[in-house]
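Below: one structure, written as structure tokens.
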Amino acid sequence: MLIFAKEWGGRAEMSEMKNEEMRKMNRRDWLKVAAGMVVAAVAGPLVKGSPSGSDGAARQAAAVTGGGASVSGRRKAGKIALREMVGCVECDACMPCGYGVDIPGNFRVYNELLAEGMVPDVEREDETSGEFRRKAVGFLRRYDRSVADRHQSQRCVRCFHCVNECRHGVFIVTELAELTALTDALRDWECRVR
Ligand code: SF4
Ligand code: SF4
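Position one of the sequence shown corresponds to residue 122 (our numbering), numbered consecutively onward.
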């Protein structure tokens, strides 16, 4: 845990957390805490240098407050939450990400798996079924093989540098957060059934 905390830059805060509290957290909760610390550390200076204008500011604010809010403030799910294709054409305009996220690579493997019917619905499917297991294990193995851990969606710290770069309607931060939520849910499931 501590090594990961250092990697995310949340050194002082994380070292102050009691071991007992950390043990009680599942992976998703822990990531939320770590991401919150990093955002607090970096959002101020980076927001100043990020895309200007009311649209950029609104999108940044929306991402800070929930990651799924539209510019108008109305909550809006991304494509991944709706189990739809992400409209990424791999133009690389949003790259590079300073935190190592392979943005188009993450969306590519998700889209491929969705096209193959290999994205399980963690909300509606019976997680004890063989079909769920087939999809969940297949999804995680392919994702981990295709995108190295240091380039995966959970590395996004919402620094917002990429937010206004996409000309193809991909709300990158929201989609990455939803992909992280999906993989975290599947990894939690895998831990439970082991
Ligand atoms: S918002 Fe996330 S994906 Fe975009 S540049 Fe920042 S860390 Fe990278
Ligand atoms: S800018 Fe948009 S379309 Fe281009 S690689 Fe990034 S997410 Fe995909």
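Every residue gets a Cβ at the ideal spot worked out from N, C-alpha and C, and that includes glycine.
Leaving out the 5 sequence neighbours to the left and right, which residues in its chain are closer than 6 Å to residue i when beta-carbon positions are compared?
i, result
"R271", "G221"
"R276", "Y220, G221, V222"
"C212", "none"
"S267", "V230"
"L297", "S274, C277"
"P217", "none"
"Y264", "V230"
"E246", "F253"
Which residues mark the beginning and the end of the alpha helix (DSSP H) in which residue i is found?
i, result
"F228", "224 to 236"
"A257", "251 to 267"
"L307", "293 to 314"
For residue i, which residues of its own chain have a beta-carbon under 7 Å away from its beta-carbon, when the five flanking residues on both sides are left out?
i, result
"T186", "Note on T186: pLDDT 42, under 50, position unreliable in the model; the coordinate value appears next. No residues qualify anywhere along the chain."
"G219", "C280, H282"
State the Cα-Cα distance for the pair residue i and residue j, rounded to the nearest angstrom.
i, j, result
"P166", "G290", "Here P166 scores only 42 on pLDDT, less than 50, and its place in the model is too uncertain to base an answer on."
"L234", "A257", "11 Å"
"E299", "I201", "6 Å"
"R315", "T304", "16 Å"
"A306", "G251", "17 Å"
"R313", "K197", "31 Å"
"V159", "V294", "Residue placement at V159 cannot be trusted, given a pLDDT of 45 that sits under 50; the coordinates are not used to answer."
"A214", "E311", "35 Å"
"E209", "G238", "Reading off the sequence, residue 209 comes out as Cys, not Glu. Near 19 Å, if we compare the C-alpha coordinates of G238 and C209."
"F292", "G199", "7 Å"
"V207", "N227", "10 Å"
"E248", "T301", "18 Å"
"C287", "A269", "23 Å"
Taking DSSP as the reference, what is the three-state secondary structure of residue i?
i, result
"R271", "helix"
"R276", "helix"
Between residue i and the rest of its own chain, which residues show a CB-CB distance below 8 Å, the 5 nearest in sequence each way excluded?
i, result
"E244", "none"
"V240", "R204, Y231, L234, K256, F260, L303"
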